[in-house]
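In this note's numbering, the protein residues as written are 8 to 392.
Yeah, the Cβ is synthetic: ideal placement off N, Cα and C, and Gly gets one too.
Structure representation (structure tokens):
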């Protein structure tokens with residue numbers, strides 16, 4: 008089986024993890040701050056907070072921005088459910104904005120129309136979460152301009168996008184957002200097994216998220232309500248969570264970061280080759296906005312079903328049967344039973360639903376060989392012909 012994604016673990020990664028196992032610290036040691044510094048310096052952000060998952064990062068990002076009951080969070084329906092669930096965790100209402108039919112990201116024009124209506128109804132969002140699907144940045148300049156006009160805060164869900172760029176600068180620098188979130192799940196561009204990170208240029212937000220990821224506990228006398236009782240003393244000043252990243256994960260992240268640019272470059276080579284090899288097949292290959300240099304976590308095609316005898320499901324199942332670990336990213340969140348019980352229904356976001364009926368993620372990972380890629384193309388050609 009050729010998987011749609013696969014981690015690349017080298018001897019340097021193994022040595023780094025073993026080094027931690029032989030050290031004095033398995034958690035809350037020097038490696039997590041080192042990993043944070045590595046990512047922050049690479050992307051050009053002032054603060055970075057490593058956590059145990061991107062879901063946790065989204066949660067504490069929402070809380071740090073003050074999202075709560077009576078507030079609204081908007082995001083795209085074409086994402087993993089965590090991009091929306093983070094709002095529900097805070098007691099806020101969640102709504103969606105349809106996608107751009109070319110980039111598959113949250114559409115700024117659809118967002119503007121929805122904001123205009125929401126302003127008239129007194130239902131503007133407090134937070135908007137654009138998701139950089141497949142590693143390609145949303146049109147952040149346009150979304151940021153709308154944030155300035157309508158007063159909402161922005162969390163970039165860049166779980167797919169570390170190593171990618173927007174307008175020539177690395178995604179994660181928070182130029183157009185309050186907070187950016189990365190994921191380091193094994194199928195992502197770099198991995199810490201499980202793990203995530205929140206980045207910001209705002210020291211106050213960074214301090215708030217640091218508290219929230221570790222039970223709301225501080226040992227900083229300046230954050231305490233009264234003078235410390237002694238060197239053992241700490242205070243819980245907020246209701247936080249155990250969202251810390253372990254030293255083992257962080258050590259893996261440090262060594263993976265050393266190969267990040269190499270990984271993204273290899274993904275671009277594979278994507279360019281896919282674009283060429285698939286040129287004559289009845290599929291639509293990914294369109295890249297000229298302002299974007301995608302991290303290319305995913306390579307998503309859309310089937311031109313009017314030119315194919317088989318259905319979307321039949322093509323998908325045929326590819327799986329012949330050893331291709333294709334996948335579908337994602338089932339629109341608003342069609343999930345949990346969200347339909349809130350009142351969402353099919354037909355609410357037609358572009359997202361059209362995408363879902365046609366999309367397939369082909370195998371794409373940095374160690375993929377040309378022979379494996381040729382196999383993918385050959386099987387796909389056979390199935391859709």
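Among the options, nearest to residue i - alpha-carbon criterion
| i | options | result |
| --- | --- | --- |
| residue 309 | 243, 126, 367 and 56 | 367 |
| residue 316 | 96, 210 and 392 | 392 |
| residue 225 | 245, 278, 290 and 237 | 245 |
| residue 78 | 58, 101 and 189 | 101 |
| residue 369 | 243, 206, 238 and 332 | 332 |
| residue 144 | 270, 337, 297 and 191 | 297 |
| residue 346 | 271, 15, 149 and 90 | 90 |
| residue 306 | 280, 94, 127 and 187 | 280 |
| residue 380 | 330, 239 and 205 | 330 |
| residue 241 | 251, 228 and 348 | 228 |
| residue 209 | 43, 27 and 52 | 52 |
| residue 195 | 222, 16 and 154 | 16 |
| residue 76 | 134, 234 and 24 | 134 |
| residue 249 | 21, 283 and 59 | 59 |
8 Å contact criterion, which residue i and residue j should meet: CB distance rounded
| i | j | result |
| --- | --- | --- |
| residue 213 | residue 54 | 4 Å |
| residue 72 | residue 160 | 5 Å |
| residue 339 | residue 356 | 6 Å |
| residue 311 | residue 290 | 6 Å |
Beta-bridge partners of residue i, as assigned by DSSP
| i | result |
| --- | --- |
| residue 262 | Beta-bridge pairing links residue 262 to no other residue. |
| residue 218 | According to DSSP, residue 218 bridges with nothing at all. |
| residue 300 | 172 |
| residue 234 | Bridge partners of residue 234: none, in fact. |
| residue 370 | The partner list for residue 370 (beta bridge, DSSP) is empty, contrary to what the question assumes. |
| residue 82 | 103 and 136 |
Proximity below 8 Å, CB of residue i to CB of residue j
| i | j | result |
| --- | --- | --- |
| residue 157 | residue 131 | yes |
| residue 260 | residue 179 | no |
| residue 162 | residue 97 | no |
| residue 33 | residue 374 | no |
| residue 99 | residue 80 | yes |
| residue 67 | residue 264 | no |
| residue 300 | residue 197 | no |
| residue 166 | residue 61 | yes |
| residue 222 | residue 243 | yes |
| residue 387 | residue 288 | yes |
| residue 82 | residue 112 | no |
| residue 103 | residue 341 | yes |
Under the three-state DSSP convention, the category residue i falls into
| i | result |
| --- | --- |
| residue 242 | strand |
| residue 32 | coil |
| residue 342 | helix |
| residue 205 | strand |
| residue 196 | coil |
| residue 332 | strand |
| residue 160 | strand |
| residue 167 | coil |
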